[in-house]
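In what follows, a single structure is set out as structure tokens and then discussed.
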Amino acid sequence: MNVLLKTKIPFIGFYDNSSVIGVYEGSEKGYKFLEEWNGMFGKDCFISFAQKRPKFGQPAMDSLKTKNTFVVFDLIKIMSMPPENIQMDKAWGFTFTKDNENPVLLKFDNFDETKKSSSPSFLMAMYLRQHLKAIETKVGEKPKEIALWIFDRDFNEKEIKRIKEGLKESCRLLKLDVYFVDTESSKVDFVIYSTN
Numbered sequence: 424m425n426v427l428l429k430t431k432i433p434f435i436g437f438y439d440n441s442s443v444i445g446v447y448e449g450s451e452k453g454y455k456f457l458e459e460w461n462g463m464f465g466k467d468c469f470i471s472f473a474q475k476r477p478k479f480g481q482p483a484m485d486s487l488k489t490k491n492t493f494v495v496f497d498l499i500k501i502m503s504m505p506p507e508n509i510q511m512d513k514a515w516g517f518t519f520t521k522d523n524e525n526p527v528l529l530k531f532d533n534f535d536e537t538k539k540s541s542s543p544s545f546l547m548a549m550y551l552r553q554h555l556k557a558i559e560t561k562v563g564e565k566p567k568e569i570a571l572w573i574f575d576r577d578f579n580e581k582e583i584k585r586i587k588e589g590l591k592e593s594c595r596l597l598k599l600d601v602y603f604v605d606t607e608s609s610k611v612d613f614v615i616y617s618t619n
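Numbered by this note's numbering, the letters in the sequence shown go through residues 424 to 619 in order.
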């Protein structure tokens, strides 16, 4: 994290199906996990469309018991897979489809009794927006750039590349510049992936 100290930009770390947020709190404290995002334990990355306003995190997870076809999750895992070889998970209540512009679309039930389809990057952008709101509440302004850190060492080089491409698209949708932290060396890839 010391490399991030120079830039002082917030970071979002992804592990398993959860995320944590780190914000810079000055030279004395350095980076701290955001307590409003459950500190170093983070929050689960689930989105439920069972109600008019989507639910995120634990409230979305709670919907799995009764309305699992309304809940999407495992977005990082899905982004890691080649579009032509999505490995279905028995826990998923959603299915997959595609169109001319998107080789992978998650198809899920919506509160209005219709089926909706969205790309993993679009859904991740929705979830990242929740992270940005939490950061804005803490620091007083919406970040214009963010560092993303993928903690899971189970991904190979090709999978990490696909995840980064998906996350870059998510950030582009949010008009947010993004950096990636290299898990192996804990160095930041300072090649900015601009929204322009």
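C-beta atoms are modelled at their ideal positions from N, C-alpha and C, and glycine is treated no differently. What you are looking at is a predicted structure, and each value in this text was computed from that prediction instead of being measured.
For residue i, the residue or residues it bridges with in DSSP
| i | result |
| --- | --- |
| T518 | K530 |
| A570 | F434 and Y602 |
Residue i to residue j span [Cα, whole Å]
| i | j | result |
| --- | --- | --- |
| G589 | F437 | 13 Å |
| K431 | Y447 | 6 Å |
| L487 | R476 | 16 Å |
| V601 | V494 | 27 Å |
| V611 | E536 | Low local confidence applies: a pLDDT of 46 at V611 is under 50, so the model's placement there is unreliable, with the coordinate-based value given in what follows. So the alpha carbons of these two residues sit roughly 44 Å apart. |
| I573 | R595 | 18 Å |
| I499 | F534 | 24 Å |
| V614 | T489 | In this predicted model, V614 has a pLDDT of only 40, less than 50, meaning its place in the structure is not dependable; the value taken from the coordinates is given anyway. Distance between the alpha carbons of V614 and T489: 44 Å. |
Under the three-state DSSP convention, the category residue i falls into
| i | result |
| --- | --- |
| D485 | helix |
| A548 | helix |
| K455 | strand |
| F496 | strand |
| K466 | strand |
| G449 | coil |
Distance CB(residue i)-CB(residue j) smaller than 7 Å
| i | j | result |
| --- | --- | --- |
| F464 | A483 | no |
| A557 | E459 | yes |
Candidates the options: closest to residue i by CA position
| i | options | result |
| --- | --- | --- |
| D467 | E592, D577, L551 and S541 | L551 |
| T542 | N533, E592, G516 and T560 | One point to set straight first is that residue 542 is Ser, not Thr, in the sequence displayed. Closest option to S542, Cα to Cα, is E592. |
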